[in-house]
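Undergrad: Below is one structure. I have some questions about it.
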Amino acid sequence: MHVGMAAVFQNPQKTRTDRDVYRNELRLADLAEPLGFESIWGVEHHFTDYTMCPDVLQFLTYMAGRTQRAQLGSMVVVLPWHDPMRAAEEIAMLDTISDGRMILGLGRGAGKVEFDGFRLSMDESRPRFVECAEMILGGLESGYCEYDGAYVKQPRAAIRPAPFKSFRGRTYAAAVSPESLPIMAKLGVGILIIPQKPWHEVAKELETYRSVYRQVNGVDAPPPVSAGWTFCDASPERAREMARRYIGGYYQTVLDHYQFQGDHLATTKGYEYYGKMSDKIAQYGIDTVVDYFTNLQVWGTPAQCFDKILDIHRRTGNSHYVGVFSYAGMPYDEAERNIRLFAAEVMPALKKLAVQAPAPAEPAETGARESVRALGF
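Going by my numbering, the first residue of the sequence shown is number 204, and it counts up by one from there.
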């Protein structure tokens, strides 16, 4: 299994200066390659302290210059917020600078504060994403962009520097709502899993995705990439306490950034699935939803972390695990211990793990827990 790490640049409640966050997160990112992580990932967000990385390609270009081997993953470039012609150029430039080390991740976004800040309608995000993705992916293969859609009007223009190798097989998209998975299959891209709903549900949706992918593309879909908020500690009790504090704290920042306690998503075109979140919060309460999200992530002793990732692999057949190790205001010495312990005692076993097809999807749990849905990100 390929093992990567992601930097998310959080500064909840502005307890530090943004500059201090950057200095420390970049210091932790510098540990990735020496510790043996095979890729470094960044996440695009705007305008709040939720994730202060407005240009993931710029961050990855910086890391390209500080590394020699590590691949560089975008988790994700949110296409509706970009001019797709410029995005195609910037992707090709990063890939050229890094000598082909980029893993391209794409998404459509779900933050109202971000769409409002860019003066864009969320109702248009899904068709706008599809048009941008079709143009960019086609352009990266042909060397030029040309598109005549409802939202994207692009006369033929060359991408320079010219793409020098195919992005097929190294392009992924985040897909949370079930309606998005067939779209990604038709685009011919892999799936980036952000754990936030029951694994049996993820596995069932992946079966549908794989079926559509095979039907449309004539070949099997690539294995998915799975990310996870990770806390590794020698003590199971301390790991549980820290996971509740910091992974749970991270999910509170999700609820705040996406305004999931409001009702706007239920009435926004293409976001009806996300709109269920406010109902679940009202039904179960924030503590239950936060606990549910926390229990989907990877935390515990090194052995427990390995077993949880092994279970994710059994359910999804993922070929990559991307750990997020610093989040929610966690002290940076704690984040570094977390990274180093995982790298020393979990990652070697993961790298020996053969990638296999997932087991058949399991039925939903019975009882009250089955209807809890920790939707977000």
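Heads up, the beta-carbon is just placed ideally off N, CA and C, and yes, glycines get one too.
Measuring only the C-alpha atoms, how far is proline 561 from methionine 204?
TA: The alpha-carbon atoms of proline 561 and methionine 204 are separated by roughly 14 Å.
Undergrad: Determine the extent of the beta strand (DSSP E) in which threonine 433 is found, giving its start and end residues.
TA: Note, threonine 433: beta strand (DSSP E), 428–435.
Undergrad: From methionine 445 to proline 439, what does the alpha carbon distance come to, in whole angstroms?
TA: If you take the alpha carbons of methionine 445 and proline 439, they lie about 10 Å apart.
Undergrad: DSSP on valine 415, reduced to helix/strand/coil?
TA: The answer is helix: DSSP assigns valine 415 an H, G or I state.
Undergrad: Secondary structure at threonine 220, three-state DSSP: helix, strand or coil?
TA: Residue state, collapsed to three classes: coil.
Undergrad: Unbroken beta strand (DSSP E) runs of length 3 or more, entirely within the stretch 264–298: which are they?
TA: Counting whole runs of 3 or more residues, the stretch 264–298 contains the beta strand (DSSP E) stretches 274–277.
Undergrad: Give me the Cα-Cα distance between leucine 263 and tryptophan 502, rounded to the nearest whole angstrom.
TA: Each residue's Cα considered, the two are about 27 Å apart.
Undergrad: Ignore the nearest five residues each way along the sequence and tell me which others in alanine 571's own chain have a CB closer than 8 Å to its CB.
TA: Reliability fails at alanine 571, whose pLDDT of 44 lies under 50, so the model's placement of it is uncertain and the value that follows must be treated cautiously. Nothing listed; no residue qualifies.
Undergrad: Within 10 angstroms of its Cβ, does glycine 314 collect 16 or more other Cβ (buried), or is it exposed?
TA: Burial call: buried.
Undergrad: Is the beta carbon of isoleucine 397 sitting closer than 9 Å to the one on alanine 430?
TA: It is a contact, given that the beta carbons lie within the stated cut-off.
Undergrad: How many Å lie between alanine 577 and glycine 342 at the Cα?
TA: With a pLDDT of 45 at alanine 577, under the threshold of 50, the modelled position of that residue is not reliable, and the figure given next carries that caveat. The alpha-carbon atoms of alanine 577 and glycine 342 are separated by roughly 36 Å.
Undergrad: Assess, as a yes-or-no matter, whether the stretch 456–474 is touched by the stretch 548–559 under the definition of 3 or more beta carbon pairs within less than 8 Å.
TA: At 8 Å Cβ cutoff, the stretches do not touch.
Undergrad: I need the boundaries of the beta strand (DSSP E) containing leucine 151, first residue and last residue.
TA: This structure cannot speak to residue 151, because the chain is shown only from 204 to 580.
Undergrad: Residues in the same chain with beta-carbon distance under 6 Å from methionine 533, minus the five sequence neighbours each way, listed in chain order, please.
TA: Contacts found: Tyr449.
Undergrad: Express the C-alpha separation of aspartate 466 and aspartate 319 in angstroms, rounding to a whole number.
TA: Taking the straight line joining both Cα atoms gives about 16 Å.
Undergrad: Helix, strand or coil, according to DSSP, for cysteine 508 in the structure here?
TA: Residue state, collapsed to three classes: helix.
Undergrad: Does the beta-carbon of glutamate 228 have 16 or more other beta-carbons within 10 angstroms, so that it is buried, or is it exposed?
TA: Counting Cβ neighbours within 10 Å, glutamate 228 comes out buried, since at least 16 surround it.
Undergrad: With lysine 483 as the anchor, note down where its alpha helix (DSSP H) starts and where it stops.
TA: Run containing lysine 483: 475–487, per the alpha helix (DSSP H) assignment.
Undergrad: When we look at the beta-carbon of lysine 483 and count the other beta-carbons within 10 Å, is it buried (16 or more) or exposed?
TA: Buried is the call here.
Undergrad: Just to confirm my understanding: we take threonine 519, look at its own chain, exclude 5 residues before and 5 after, and list those with CB closer than 7 Å. What are they?
TA: So the qualifying residues of the chain are Ile396, Val405, Ala406, Leu409, Pro427, Ser429, Pro561.
Undergrad: Taking contact to mean 3 or more Cβ pairs, one atom from each stretch, closer than 8 Å, check whether the stretch 381–390 and the stretch 276–287 are in contact.
TA: Taking 8 Å as the limit for Cβ pairs, the verdict is that the stretch 276–287 does not touch the stretch 381–390.
Undergrad: Check whether the stretch 237–246 touches the stretch 283–302, taking contact to mean three or more Cβ pairs, one atom from each stretch, closer than 8 Å.
TA: No, they do not touch.
Undergrad: Phenylalanine 580 to histidine 516, Cα distance in whole Å?
TA: Residue placement at phenylalanine 580 is flagged as unreliable, the pLDDT there being 40, under the threshold of 50; the coordinate-derived value follows with that caveat. One C-alpha to the other measures close to 21 Å.
Undergrad: Can you give me the C-alpha to C-alpha distance between methionine 480 and valine 246, rounded to a whole angstrom?
TA: So the alpha carbons of these two residues sit roughly 22 Å apart.
Undergrad: Count the other C-beta atoms from every protein chain shown that fall within 10 angstroms of the C-beta of glycine 308, then say buried if there are 16 or more, exposed otherwise.
TA: It counts as buried.
Undergrad: Starting from the C-beta of histidine 157, find all residues in its chain whose C-beta is less than 6 Å away, skip the five residues before and the five after it, and write them out in chain order.
TA: Nothing can be reported for residue 157, as the shown portion of the chain is limited to 204 through 580.
Undergrad: Of the choices Ile362, Lys389, Arg363, whose alpha-carbon is the least far from that of tyrosine 375?
TA: Comparing Cα positions, the closest option is Lys389.
Undergrad: Quick one: grab the DSSP three-state call for threonine 470.
TA: Threonine 470: helix per DSSP, three-state reduction.
Undergrad: Have a look at asparagine 521 and leucine 275 and give me their C-alpha separation to the nearest angstrom.
TA: Each residue's Cα considered, the two are about 18 Å apart.
Undergrad: Would you mind reading off the limits of the beta strand (DSSP E) that contains isoleucine 306?
TA: Residues 305–310.
Undergrad: For the alpha helix (DSSP H) containing histidine 460, name the first residue and the last one.
TA: 451–461 is the extent of the alpha helix (DSSP H) around histidine 460.
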